[in-house]
Amino acid sequence: MEILPNISIYHYVIVSILLFGIGVVGVMLRRNALIIFMCIELMLNAVNLLMVGFSNMWGDGKAQVFVFFIMAVAAAEVVIGLAILMMVYRNQETTDINILNKMKW
Amino acid sequence: MVGPVMENLLLVILLFPLLGAGLNLLIGNKVGEKGIGWIANTATGFSFLTALYVFFASGGCQSGLTFSMFEWFHFGKVSIPFSFYLDGLSGLFVLIITGIGSLIHLFSMGYMHGDKEIKRYFMYLNLFIFFMLTLVMASNYLLMFVGWEGVGLCSYLLIGFWYQNSTYSEAANKAFIMNRIGDLGFLLGTMLMAYHFGSLSFGDVFPQLSQFSDTGVLTAIGILFFIGAMGKSAQLPLFTWLPDAMAGPTPVSALIHAATMVTAGIYLLARTSALYVLAPLALDLVLYTGLATALLAAVIAVYQNDIKKVLAYSTVSQLGLMFAAVGSGGFGAGVFHVLTHAAFKALLFLGAGSVIHGLHGEQDILKMGGLKKNMPVTYITFLIATLAISGIPPFAGFFSKDLILVTLYEARGPLFFGIALLISLLTAFYMFRLFFLTFHGSSRNDKVAHESPAGMKTALIVLAVLSVVLGFLGLPHIFAHPLGLSNLLEEQLKTAVVMSAPHLSATTEIVLMVITLTAVVITIALSKRKYGSVQSLMAEETRLTTLEKWASHKFYLDEIYETVVTKNMDRLARFTQRWADELIFHNISSLSGRSVRELGLVMRKIQNGNVGSYFTAMVLAMSLILIYFIFQ
Amino acid sequence: MVTEMMFYFLSFVAILSAIMMISTKNPVHSILYLIVTFFAIAGHYFLLNAQFLGMVHIIVYAGAIMVLFLYVIMMLNLNEDAEPVKSKYQKISATVSGGIFMLVLVASLRSAEVSLEKTRNTDIGLVNQLGKVLFNDYLLPFELSSILLLSAMIGAVFLSKK
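Protein chains in written order, with our numbering: chain W, 455 to 559; chain S, 484 to 1115; chain H, 326 to 487.
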C-alpha cells in the first residue's frame, strides 16, 4: 500500500524551495548574526528534506547517508560559528553584522 | 656599390663635408679652435679638389655620371632611388659650392677667431655644404627636396647662431618659416609630377615630356616649383627674410645668402628647363615676379644704411634679374649670372666682413669712411667686386648681365630690356654709394681700423681674381668667334639645360652693349658726385621725400605682413586651439582614461564591506544564471 | 488520504513557522519557531519512512543545536530591541530578490526530466538498511566526520579562551 499515493516528488521540491527561499530572505533581511545563523540552518534543512524525498523516490540509501553527513557538518559548523560570534561580541559588544565591514576599498 | 672610380668619387665629394662635421662634433673640443677650423677647411677643400678632378677628368661631366646606392622607398608605382647624378649643370654648381665654400671656410677661421662657439659654427657650415651638395647632386626631385630642406635648416641654425640675442633668433625663425611656405609649393609640385609622370627621377620625367599634352598640368607644376623657388631664393612676396638674415655672421651671409642657398631656386628652374619651355604661362609668372622683385629691392637698397642690408637687398635684386632671365627662356643666362654673382657677391660680403672686423663691429655706413688708407687689400678687392656687379668690362658681371639684358630684349622686347636696364643702373648707383661712403672721404668713425689677417685676405684676393676671370667663361659669340674661342659655358650646359642662345644680329648686340655701358658709367659718375665727399652726405640725409622715406623703411613690407598675415594666423591658431584642440581633441583623448576612472569610482561603491549586500548580489546573480539556463 | 493531509499540514506548519522565524524581532522567539520548523521536517522524514534520520534530526537539531543557540542567546542577553533594523529599501530588495530566486528555481523545474515521480513505500530509511549502506560503502567518510567533530570541539574550546 502506498503511504502517500498522490504526493509526487514535485511537492517535495516545491516545499524545499520555499523553505530554502525563506532562509535566503532571512539572511538578507536580518542584521543579527545569530538569526542569520539560524536561517543558514534552515537552508540546510530544506536541502535535507529534498534529499530524503529523492532517496525515497529512487529507493536508494545514498542520499540519506549524505543527509547524515550534512547534519554532522552542520553541527560542527554551528559550534565554530557560535564560538567566533562570541569572540566578536566580546570585542564589539554587539552582534550586528554591519560592523564587520572592513573588507572593502 | 660597385662602379667605376669616377662614380664612386661622387660619394666622396658628398660625404667629406659630412665627415668633417661629424669629426668636429666628436673631437672638436679637444683640438682647439685652430684644429676645428682646419678640420672643416680640409673637408671642404678636399671635396673641392675631388670635384675638380671629376669635372675635368670627365670633360665637364657632359655625359652624366650617376652614382646610385639603393632604392630608398616607393609609394604606389613611384619608386624613389637614393642616387646621385652629376651632369653639366650640377657639375658646375658643385664646383661653385665647394670652391666658394672652401674660401669662406678659410675666411671664417680669421673672422670667427675668439668666438666660444666656433665648433658649432664650423659643424653647421660643413653640414650646410653637405646638404647643398645633396640638393644639386640629387637625381630625383625628392632627394633634392631633402637637400632643399637641409639647407633651410642649416640656414636657420646659422642665422640664429648667436641665439642669445632674441632678435637674431626671430630672424632665423622668419627665414625658416618663409622657406617652409615656399616648400609647400615645391612639395605640391612634386606630388603633381609623381601623379602624372609616375616617377620623380630626372631621367624618367624629362623624356616623357615630349609626349605629354596637358599644358595645364605642366603650368601648374611649373608655378608650384617656382613658389618653392620664391621662398628659397627670396622673391616677392617671400623675400623679407633675407635682409633680416644678416643677423648671422658675415661669412654665413656670404656663403648662404649670396652664393649658394639662394641660388637653389635658379638651379631648380634650370634643372626643370625642359618642362618650363612647354609651360609659357609659368615662365611669364617667373619673369614678372623676378622683375618686380628686382626693381623693388633695388629701390630699397638705395636708402639703406647698414652695409650688410644694402648687400642683402642687392642679392634679392640680382636674384630677381636671374629669374627674369630664366623667365624669358634664358636658362643659361640665369646660370651664368649665378656663377659670376657667386664670385663677386661673396667677395662683397667678405669685404664687408673684413670692414666690420676691422672696425670692431661697426655696420652703419654713415659712420664709416676713409678706410682706403687703413685697409688697402679690402679696398681694392671691394672695388673690383663693385665694378663687377655694376657691369663694367672686363669684369665678370659685365658678361653675365649683358647676356641677361640681351635675352630680355630678344625674347620679351625693348620694354623689359628697359626695366632691366633701369635695375642695373640702380644697382650701379647704390653699390657705388656704398663703396664711396665706406671707403672714401674722411673717417667719420673714431675707431682706428686695421687690415684683416692673412687668411681673410687670401680669400678676398682669390675671389677678386675669380670676379675678373669668370666672365670669360661665357664669352658671347661676337667676341669669341673672332678670337677663335667658344662660349665655354654654353658648351658646358648644352646637354643639361634647354639653352636658347640669343639670335640677335651682331650689330644690335653691340648697340645694346654700348647703350648699357654708357648709362652705367654716367650713373657711377652721378653716384660719385653725390657720395664722393663728406659734406654732401650731411645735407642729403635730412631731406627725404615721402617715397624715399617709404623706401628707407623697405616700403613697410614687414609691417604689412605682420598685420595681414601674422596676426590673422595667430587668431586662427588661437581659435582652433580653443575650439578644436581643447574642446574636442583633448576630451576625446582623455576620454578613455577619464571614463575608466569615473567607472571605477562608481563601481567601487559596490564593495561596501557589507556582507548582506554581497549576499543579495549573489542571490540575484544566481537567479540570472538560472534564468539563462532555463531559456537556453 | 490521511497521510496526504498530514503532508500538507506538516508543510504548512513548516513554512509558516519559518516565515515567523525570520520576521519576529525577539531572538528567543525566533529560535522557538525554528524548533517548530525542525519538528515539522522531522515529521516529513517519518512520513517518508526515513525513521533513523527522523530520530537523528530531532536529537541533533532540535536537541543539541537549538539548545546551543539558546545558550548563546541567553549569554549574550539579546532582547527584542537590541538589534537595529534594516532600512525599508533593504527589506524590500531582500524580499524581492528572494522571491525572484524562488520563482526561478521553481521555473527551472520545467526543464527537468524526471523519469520517476511518485514516492513509494521503501524500507531504505530503516536503521538496519541504512546502517548497511553507511558502514559498507561510506565507512571512510564516517570516520572522517568523527575527526571533523573532534576538530570542531577543539576549535570551539580554543576560540573561546580568553
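The beta carbon of each residue, even a glycine, is placed where N, CA and C say it ideally should be.
{"Item": "Using a C-beta to C-beta distance shorter than 9 Å, which residues of chain W count as neighbours of S/H1085?", "Value": "According to the sequence displayed, residue 1085 of chain S carries Val and not His. Going along chain W, no residue has its Cβ under 9 Å from S/V1085, so there is no contact; the nearest lies around 12 Å."}
{"Item": "Is it true that the CB of S/A741 sits closer than 9 Å to the CB of S/K856?", "Value": "no"}
{"Item": "Among the candidates S/G574, S/K513, S/Y568, whose CA atom is the shortest distance from the CA of S/F538?", "Value": "S/G574"}
{"Item": "Between which two residues does the beta strand (DSSP E) containing S/L548 stretch?", "Value": "548-558"}
{"Item": "When you compare each of S/M729, S/R603, S/M851 to S/H923 by their alpha carbons, which one comes out closest?", "Value": "S/M851"}
{"Item": "Near S/L719, which residues of its chain fall below 6 Å by C-beta distance, leaving aside the five closest residues on each side in sequence?", "Value": "T772, A775, T776"}
{"Item": "Within 9 Å (strictly less), CB to CB, does S/V1182 reach chain H?", "Value": "Residue 1182 of chain S is absent from the model: chain S starts at 484 and stops at 1115."}
{"Item": "What residues from chain H crowd round S/S1106, counting only those whose CB sits closer than 7 Å?", "Value": "I425, F426, V429"}
{"Item": "Going along the chain, which unbroken runs of the alpha helix (DSSP H) with 4 or more residues stay wholly within the stretch 346-380 of chain H?", "Value": "352-372"}
{"Item": "Do the CB positions of S/V634 and S/A534 come within less than 9 Å of each other?", "Value": "no"}
{"Item": "Nearest CA to the CA of H/S470: which residue from W/V519, W/M540, W/T549?", "Value": "W/V519"}
{"Item": "Report yes or no: do three or more beta-carbon pairs, one from the stretch 637-652 of chain S and one from the stretch 555-566 of chain S, lie closer than 8 Å?", "Value": "no"}
{"Item": "With burial defined as no fewer than 16 other Cβ atoms inside 10 Å of the residue's Cβ, what is the status of W/V479: buried or exposed?", "Value": "buried"}
{"Item": "Could you give the DSSP three-state label for S/I1123: helix, strand or coil?", "Value": "Because chain S spans 484 through 1115 in this model, residue 1123 of chain S falls outside it and cannot be assessed."}
{"Item": "By the criterion of Cβ-Cβ separation under 8 Å, what are the contact partners of W/L554 in chain S?", "Value": "G1092, V1094"}
{"Item": "Taking W/V478 as the query, report the chain S residues whose CB atoms sit under 7 Å from its CB, ordered along the chain.", "Value": "V1102"}
{"Item": "Quick one, which of S/N662, S/G699, S/P734 has its alpha-carbon nearest S/L725's?", "Value": "S/N662"}
{"Item": "If you measure beta-carbon to beta-carbon, which residues of the stretch 478-508 of chain W are closer than 8 Å to chain S?", "Value": "V478, V481, M482, R485"}
{"Item": "Among residues of its own chain, excluding the 5 on either side of S/N512, which ones have a beta-carbon nearer than 8 Å to its beta-carbon?", "Value": "K602"}
{"Item": "Quick check on this structure: which residue in H/V338, H/L474, H/N446, H/N461 has the alpha carbon closest to the alpha carbon of H/I360?", "Value": "H/V338"}
{"Item": "Alpha helix (DSSP H) containing W/S509: first to last residue?", "Value": "487-512"}
{"Item": "I'd like to check one pair, S/V561 with S/G681: are the Cβ atoms closer than 9 Å?", "Value": "yes"}
{"Item": "I need the DSSP call for S/A762, collapsed to helix, strand or coil.", "Value": "coil"}
{"Item": "At least one CB of chain W closer than 9 Å to the CB of H/F334: is that the case?", "Value": "no"}
{"Item": "Since S/I1113 and H/A432 are thought to touch, with beta carbons under 8 Å apart, how far apart are those beta carbons, to the nearest angstrom?", "Value": "6 Å"}
{"Item": "Could you spell out where the alpha helix (DSSP H) holding S/I510 opens and where it closes?", "Value": "488-540"}
{"Item": "Any beta carbon from chain B within less than 9 Å of H/I366's own beta carbon?", "Value": "Absent here is chain B; the protein component of the structure consists of chains W, S and H."}
{"Item": "Checking 9 Å against the spacing of the C-beta atoms, do S/V951 and S/I579 come in under that value?", "Value": "no"}
{"Item": "Could you tell me if S/S907 is buried or exposed, where buried requires 16 or more neighbouring beta carbons within 10 angstroms of its beta carbon?", "Value": "buried"}
{"Item": "Please report the residue range of the beta strand (DSSP E) in which S/I563 lies.", "Value": "561-569"}
{"Item": "Where does the unbroken alpha helix (DSSP H) through H/T447 begin, and where does it stop?", "Value": "Run containing H/T447: none; DSSP gives neither H nor E here."}
{"Item": "Flag this pair as yes or no: are the beta carbons of W/M525 and H/V385 separated by less than 9 Å?", "Value": "yes"}
{"Item": "For H/S348, decide whether its Cβ has a neighbour in chain S, counting only Cβ atoms nearer than 9 Å.", "Value": "no"}
{"Item": "In chain W, what lies closer than 7 Å to S/F1098 by C-beta?", "Value": "V481, M482"}
{"Item": "Only counting the same chain, and skipping five residues up and downstream in sequence, which positions put a Cβ closer than 8 Å to that of W/I489?", "Value": "G480"}
{"Item": "Helix, strand or coil, according to DSSP, for W/I553 in the structure here?", "Value": "helix"}
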